[in-house]
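When we follow my numbering, the leftmost residue of the sequence shown carries the number 487, and every step to the right adds one.
Ideal Cβ placement from N, Cα and C applies to all residues, glycine included.
Just so you know, these numbers come straight off a predicted model, no measurement behind them.
Notes for the one structure printed next.
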Amino acid sequence: MKNRRKLLLAILLLFPTLASAQNFPAKPIKLIVPFPAGGPNDIIARVIGQRMSELSGQPVLIDNRGGQGGVLGTDAVAKSAPDGYTIAISSAGALAISPSMEKVAYDTLADLTPVTLVATVPEMLVVATNLPAKDIGELIALAKAQPGKLNFASSGPGSLPHLAGELFKLTAKIDIVHVPYRGAAPAVNDLLGQQVQMTFLDLPVLLPQVKAGSLRPIAVGSPERAPTAPDVPTMTEAGFPDLRIENWYGMVAPKGTPKEIVAALHDLATKAMAYPAVKEKLAAQGATLIGDEPEHFRSFIADETAKWAKVIKDAGVETAK
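This is the structure in structure tokens:
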């Protein structure tokens, strides 16, 4: 009799969650973008959010909360109610790199619930046109002939482009100097002005200058050639499979979000990502849509965190801890 009452109580306690999941979403969803409007993270979130809104019949409201390389907006999600109505599409930097670079107020896998890996965007290695290197072999030979003389620009200390350059140094065993900038735009401007020699940045940021012949592409960090730059070899093709470097964007919710709500969010997001117009718009941005399961995304975050933590340690990158 006592066991039966316990079972009945458990079923009754389960009903509200099941009912809320069946009706989800019953009100607008706030989708935090931890970067200013207009960047890759913002574009991906807006395209997917719009389709999620169309599918659910509820508004998906974009909330841009830039600051600290995505950390501030990601922290806002970690501190939100775990009901599925405040989520984020955040980046590799905020989810997997910043926790090893600086003191942040959240633990990614303890304070956030992974929903799905949304998209990957390859990093492209380019050089200034005055540099006499046509491929990665020539670039490495040039760097080895002039240790400490060549430099690489990044969008800021601890950014993915910074760590991509550090991984390049470690893998190729070369001595090149890091020159940090406050964002990608000034880094590209100085590269065009030939004040720096090379950079790793998201492919869409560099593609217009590459197509114009203002920058020379060396290789992309994706496992396959990018459809928007089919003539540029991959790092693997160039003989450096360990230089697989991609930026990525993933949907997360606060910790404690019920599994049924996470499943509903996952279903809504992946259906939006499967829509042909969404695929087309984001392919034009150089993004490859993924849409994996929450547990796979959790493992992916753990692997990426370990990968970049090792680079930070091995390269002796200064941290703010």
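- Residues that DSSP places opposite LEU603 in a beta bridge: Sequence index remark: in the sequence shown, residue 603 carries index 117 (1-based). Looking at the DSSP output, LEU603 sits in a beta bridge with GLY736.
task = Could you have a look at PHE638 and say whether DSSP puts it in helix, strand or coil?
result = Position 152 of the sequence shown, counted from the start, is the residue given in the question as residue 638. Strand, per DSSP.
Could you please give me the residues that DSSP links to ASN550 through a beta bridge?
Against the sequence shown, residue 550 aligns to sequence position 64. Per DSSP, VAL519.
*Is DSSP giving ILE660 helix, strand or coil here?*
Taking the sequence shown and counting its residues from 1, one reaches residue 660 at position 174. Correct three-state label for ILE660: coil.
- prompt: Mapping DSSP to helix, strand and coil, what is THR791?
  reply: As a first step, residue 791 is located in the sequence shown; it is residue number 305 there, counting from the start. For THR791, the secondary structure class from DSSP, reduced to helix, strand or coil, is helix.
### Message
Considering just the uninterrupted stretch of the alpha helix (DSSP H) at ALA670, what are its terminal residues?
### Response
The residue given as residue 670 occupies position 184 in the sequence shown. For ALA670, the enclosing alpha helix (DSSP H) has its first and last residue at 670–678.
Q: Can you grab the Cα-Cα spacing for the pair ALA749 / LYS741, in whole Å?
A: As a working note, residue 749 is residue 263 in the sequence shown. As a working note, residue 741 is residue 255 in the sequence shown. Distance between the alpha carbons of ALA749 and LYS741 is about 14 Å.
For THR503, is the classification buried or exposed, using 16 other Cβ atoms within 10 angstroms of its Cβ as the cut-off for buried? On the sequence shown, position 17 is the one that residue 503 refers to. Here the model assigns THR503 a pLDDT of 48, short of 50, so the residue's position is not dependable and the matter cannot be decided.
> Under a Cβ-count criterion, where at least 16 other Cβ atoms within 10 Å of its own Cβ denotes burial, should PRO716 be classed as buried or exposed?
Replying inline: As a first step, residue 716 must be located in the sequence shown, where it is residue number 230. By the neighbour-count definition (other C-beta atoms within 10 Å, threshold 16), PRO716 is an exposed residue.
Should GLY559 go down as buried or exposed, given a rule of 16 or more other Cβ atoms within 10 Å for buried?
Reading the sequence shown from its first residue, position 73 is the one you call residue 559. Counting C-beta atoms within 10 angstroms of its own C-beta, GLY559 has 16 or more neighbours from the protein chains shown and is therefore classed as buried.
Checklist entry - Of all the options LYS589, VAL764 and ALA670, which has the alpha carbon lying nearest to the alpha carbon of LEU693? => result The residue labelled residue 693 in the question sits at position 207 within the sequence shown. Out of LYS589, VAL764 and ALA670, ALA670 has the C-alpha closest to the C-alpha of LEU693.
- Query: When we look at the beta-carbon of THR743 and count the other beta-carbons within 10 Å, is it buried (16 or more) or exposed?
  - Reply: Here residue 743 is taken as the residue at index 257 of the sequence shown, counted from 1. Burial of THR743 is indicated by the presence of at least 16 other C-beta atoms within 10 angstroms of its C-beta.
**Prompt:** What does a CB cutoff of less than 6 Å around ALA505 pick up in its chain, not counting 5 residues either side in sequence?
**Reply:** Residue 505 sits at position 19 when you count from the first residue of the sequence shown. Its pLDDT being 47, under 50, ALA505 is placed unreliably in this model, and the coordinates cannot settle the point.
Q. Can you tell me where the beta strand (DSSP E) with VAL706 in it begins and where it stops?
A. Along the sequence shown, one-based indexing puts residue 706 at 220. From DSSP, the beta strand (DSSP E) with VAL706 extends over 701–706.
- Message: Assuming contact is defined by CB atoms lying nearer than 8 Å, are PRO526 and VAL607 in contact in what I supplied?
- Response: Residue mapping note: residue 526 aligns to position 40 of the sequence shown, counting from 1. Residue mapping note: residue 607 aligns to position 121 of the sequence shown, counting from 1. Yes, they are a contact pair.
With distances taken Cα to Cα, identify the nearest neighbour of ALA574 among TYR667, ALA792, ALA739 and TRP734.
Looking up residue 574 in the sequence shown gives position 88. Closest by alpha carbon: ALA739.
Going by CA-CA distance only, name the one from SER700, GLY570, PRO719 and MET587 that's closest to ASP753. Here the question's residue 753 lines up with position 267 in the sequence shown. When C-alpha distances from ASP753 are compared across SER700, GLY570, PRO719 and MET587, the shortest belongs to GLY570.
Report task. Pick helix, strand or coil for VAL748, following the three-state DSSP scheme. Result -> In the sequence shown, residue 748 corresponds to position 262, counting from 1. Here VAL748 sits in helix by DSSP.
Item to complete: Please go through the stretch 570–628 and give each complete beta strand (DSSP E) segment of 3 or more residues, from N-terminal end onward.
Response: For the stretch 570–628, whole beta strand (DSSP E) runs of length 3 or above, ordered along the chain, are 572–577 and 598–614.
Notebook entry, point to check: Leaving out the 5 sequence neighbours to the left and right, which residues in its chain are closer than 8 Å to THR720 when beta-carbon positions are compared?
Noted result: On the sequence shown, residue 720 is found 234 positions in, with the first residue counted as 1. So the qualifying residues of the chain are ALA705, VAL706, GLY707, SER708, PRO709, GLU710 and ARG711.
Notebook entry, point to check: Applying the criterion that 16 or more other CB atoms from any shown protein chain within 10 Å of the CB defines a buried residue, is GLN680 buried or exposed?
Noted result: As a first step, residue 680 is located in the sequence shown; it is residue number 194 there, counting from the start. Under this definition GLN680 is an exposed residue.
- Give the range of the beta strand (DSSP E) segment to which LEU729 is assigned. By one-based count along the sequence shown, residue 729 stands at place 243. The continuous stretches of beta strand (DSSP E) do not include LEU729, and DSSP gives it neither H nor E.
- Message: Does ASP528 come out as helix, strand or coil in the three-state DSSP assignment?
- Response: Numbered from its first residue, the sequence shown carries residue 528 at position 42. Reduced to three states, the DSSP call for ASP528 is helix.
ask   = Which residues mark the beginning and the end of the beta strand (DSSP E) in which THR685 is found?
value = If you number the sequence shown from 1, residue 685 lands on position 199. Taken as a continuous stretch (DSSP letters only), the beta strand (DSSP E) holding THR685 covers 684–688.
(Q) Taking contact to mean 3 or more Cβ pairs, one atom from each stretch, closer than 8 Å, check whether the stretch 771–779 and the stretch 582–598 are in contact. (A) Contact fails: fewer than three Cβ-Cβ distances are below 8 Å.
**Report entry** Limits of the unbroken alpha helix (DSSP H) element including GLY559
**Finding:** Mapped onto the sequence shown, residue 559 falls at position 73. Segment 557–564, the alpha helix (DSSP H) holding GLY559.
In whole angstroms, what is the alpha-carbon distance linking MET684 and GLU804? In the sequence shown, residue 684 corresponds to position 198, counting from 1. In the sequence shown, residue 804 corresponds to position 318, counting from 1. Each residue's Cα considered, the two are about 21 Å apart.
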